[in-house]
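So for the sequence shown, the working numbering puts the first residue at 3; every next one is plus one.
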Amino acid sequence: MVEEKLRVTLLTGRTIEQGVGKERGKGSKEYFEAVSMCYMDAGDMKKLGIRNNTNVSVSTENGSVVVKAVKYPRAATPGIIYIPYGPWANVICSNDTSSIGMPSFKGTPAEVEAARDKPLLTMRELLKSEFGR
3 MVEEKLRVTL LTGRTIEQGV GKERGKGSKE YFEAVSMCYM DAGDMKKLGI RNNTNVSVST
63 ENGSVVVKAV KYPRAATPGI IYIPYGPWAN VICSNDTSSI GMPSFKGTPA EVEAARDKPL
123 LTMRELLKSE FGR
(Lines of atoms letter the chains of each structure in order from A; the text may use other names.)
(Lines give C-alpha, C1' and ligand atoms only; values in the text may rest on other atoms or scores of the structure.)
Protein backbone atom coordinates (compact mmCIF):
# COMPACT_ATOMS: atom_id res chain seq x y z
CA MET A 3 0.00 0.00 0.00
CA VAL A 4 1.33 3.43 -1.00
CA GLU A 5 1.35 6.09 1.71
CA GLU A 6 0.36 9.65 0.89
CA LYS A 7 2.76 11.28 3.38
CA LEU A 8 5.69 9.98 5.34
CA ARG A 9 6.89 11.46 8.64
CA VAL A 10 10.66 11.69 8.74
CA THR A 11 13.56 13.40 10.45
CA LEU A 12 15.39 15.97 8.31
CA LEU A 13 19.16 16.26 8.46
CA THR A 14 21.14 18.81 6.47
CA GLY A 15 24.85 19.24 5.95
CA ARG A 16 27.67 19.39 3.49
CA THR A 17 28.37 16.93 0.69
CA ILE A 18 31.32 16.70 -1.66
CA GLU A 19 29.02 17.47 -4.58
CA GLN A 20 27.63 20.53 -2.79
CA GLY A 21 31.17 21.78 -2.13
CA VAL A 22 32.27 21.22 -5.73
CA GLY A 23 29.14 22.96 -7.01
CA LYS A 24 29.72 25.89 -4.66
CA GLU A 25 33.28 26.26 -6.00
CA ARG A 26 31.93 26.29 -9.56
CA GLY A 27 29.49 29.01 -8.52
CA LYS A 28 26.06 29.08 -6.92
CA GLY A 29 24.58 29.78 -10.33
CA SER A 30 26.13 26.65 -11.84
CA LYS A 31 24.29 23.53 -12.95
CA GLU A 32 26.51 21.46 -10.63
CA TYR A 33 25.47 23.48 -7.59
CA PHE A 34 21.77 23.34 -8.52
CA GLU A 35 21.86 19.56 -8.96
CA ALA A 36 23.83 19.08 -5.73
CA VAL A 37 21.55 21.08 -3.41
CA SER A 38 18.05 20.79 -4.90
CA MET A 39 17.79 17.13 -3.94
CA CYS A 40 16.99 14.94 -0.98
CA TYR A 41 18.59 11.61 -0.11
CA MET A 42 15.99 9.07 0.97
CA ASP A 43 15.90 5.47 2.11
CA ALA A 44 14.90 3.07 -0.69
CA GLY A 45 12.19 1.51 1.49
CA ASP A 46 10.73 4.93 2.29
CA MET A 47 10.69 5.77 -1.41
CA LYS A 48 8.80 2.55 -2.04
CA LYS A 49 6.29 3.44 0.69
CA LEU A 50 5.56 6.71 -1.15
CA GLY A 51 5.39 4.95 -4.51
CA ILE A 52 8.23 7.02 -5.99
CA ARG A 53 11.37 6.28 -7.95
CA ASN A 54 14.79 7.89 -8.12
CA ASN A 55 14.68 11.54 -9.28
CA THR A 56 10.96 11.96 -8.56
CA ASN A 57 9.95 15.38 -7.23
CA VAL A 58 8.88 15.33 -3.60
CA SER A 59 7.56 18.03 -1.32
CA VAL A 60 9.32 18.29 2.04
CA SER A 61 7.42 20.23 4.70
CA THR A 62 8.36 21.35 8.21
CA GLU A 63 6.79 23.87 10.55
CA ASN A 64 9.05 26.43 8.82
CA GLY A 65 7.89 25.91 5.25
CA SER A 66 7.72 23.58 2.28
CA VAL A 67 9.98 22.98 -0.70
CA VAL A 68 10.07 20.70 -3.74
CA VAL A 69 13.29 18.73 -4.30
CA LYS A 70 14.34 15.62 -6.24
CA ALA A 71 14.28 12.39 -4.22
CA VAL A 72 17.47 10.36 -4.66
CA LYS A 73 18.02 6.89 -3.21
CA TYR A 74 20.68 7.02 -0.51
CA PRO A 75 23.44 4.78 -1.92
CA ARG A 76 25.27 3.67 1.22
CA ALA A 77 22.92 2.07 3.74
CA ALA A 78 19.34 1.79 4.90
CA THR A 79 18.21 5.00 6.60
CA PRO A 80 14.47 4.55 7.22
CA GLY A 81 12.73 7.60 8.59
CA ILE A 82 15.63 9.95 7.77
CA ILE A 83 16.08 12.31 4.83
CA TYR A 84 19.14 14.40 4.05
CA ILE A 85 19.20 17.65 2.09
CA PRO A 86 22.59 19.27 1.39
CA TYR A 87 23.15 22.83 2.63
CA GLY A 88 21.74 25.39 0.23
CA PRO A 89 18.68 27.52 -0.50
CA TRP A 90 16.29 24.55 -0.68
CA ALA A 91 17.28 23.35 2.80
CA ASN A 92 17.18 26.91 4.13
CA VAL A 93 13.51 27.25 3.14
CA ILE A 94 12.48 24.50 5.57
CA CYS A 95 15.05 24.86 8.37
CA SER A 96 14.42 27.17 11.31
CA ASN A 97 16.47 30.34 11.56
CA ASP A 98 16.28 30.19 15.36
CA THR A 99 19.79 30.04 16.78
CA SER A 100 18.90 29.47 20.45
CA SER A 101 21.41 32.25 21.24
CA ILE A 102 24.39 30.28 19.92
CA GLY A 103 24.65 32.05 16.54
CA MET A 104 24.04 28.95 14.41
CA PRO A 105 20.66 27.45 13.50
CA SER A 106 20.09 23.77 14.07
CA PHE A 107 20.27 21.92 10.79
CA LYS A 108 19.82 18.48 12.33
CA GLY A 109 16.83 16.56 13.63
CA THR A 110 13.97 18.63 12.22
CA PRO A 111 10.63 16.79 12.09
CA ALA A 112 9.35 16.79 8.50
CA GLU A 113 6.83 15.23 6.15
CA VAL A 114 7.58 14.02 2.64
CA GLU A 115 5.05 13.41 -0.10
CA ALA A 116 5.26 12.75 -3.82
CA ALA A 117 5.05 15.96 -5.87
CA ARG A 118 5.08 14.65 -9.43
CA ASP A 119 2.95 17.57 -10.64
CA LYS A 120 4.90 20.29 -8.79
CA PRO A 121 7.96 21.87 -10.42
CA LEU A 122 11.45 21.93 -9.00
CA LEU A 123 12.12 25.66 -8.88
CA THR A 124 15.34 27.18 -10.17
CA MET A 125 17.32 29.18 -7.63
CA ARG A 126 16.00 32.45 -9.09
CA GLU A 127 12.39 31.17 -8.86
CA LEU A 128 12.92 29.84 -5.33
CA LEU A 129 14.42 33.10 -4.05
CA LYS A 130 11.67 35.12 -5.71
CA SER A 131 8.96 32.95 -4.17
CA GLU A 132 10.57 33.18 -0.71
CA PHE A 133 11.69 36.82 -0.71
CA GLY A 134 9.60 38.43 -3.43
CA ARG A 135 12.51 39.65 -5.51
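The beta carbon of each residue, even a glycine, is placed where N, CA and C say it ideally should be.
On the DSSP bridge assignment, give the partners of residue i in chain order.
i	result
residue 15	86
residue 111	11
residue 56	71
residue 116	58
Helix, strand or coil for residue i? Go by DSSP, reduced to three states.
i	result
residue 41	strand
residue 61	strand
residue 71	strand
residue 66	strand
residue 127	helix
Examine chain B for any beta-carbon lying closer than 8 angstroms to the beta-carbon of residue i, and answer yes or no.
i	result
residue 119	Here chain B cannot be found, since the structure has a single protein chain.
Of all the options the options, which has the alpha carbon lying nearest to the alpha carbon of residue i?
i	options	result
residue 19	8, 10 and 33	33
residue 53	43, 62 and 60	43
residue 92	5, 4, 14 and 56	14
residue 126	7, 3, 28 and 6	28
residue 85	65, 108 and 31	108
Using C-beta distances below 6 angstroms, list every residue in its chain close to residue i, excluding the 5 sequence neighbours before and after it, in chain order.
i	result
residue 129	none
What residues in its chain sit with their C-beta under 8 angstroms from that of residue i, if we drop five residues either side in the sequence?
i	result
residue 45	78 and 80
Taking 7 angstroms as the limit between beta carbons, can you name the residues of its chain near residue i, skipping five residues before and five after?
i	result
residue 38	69, 70, 90 and 122
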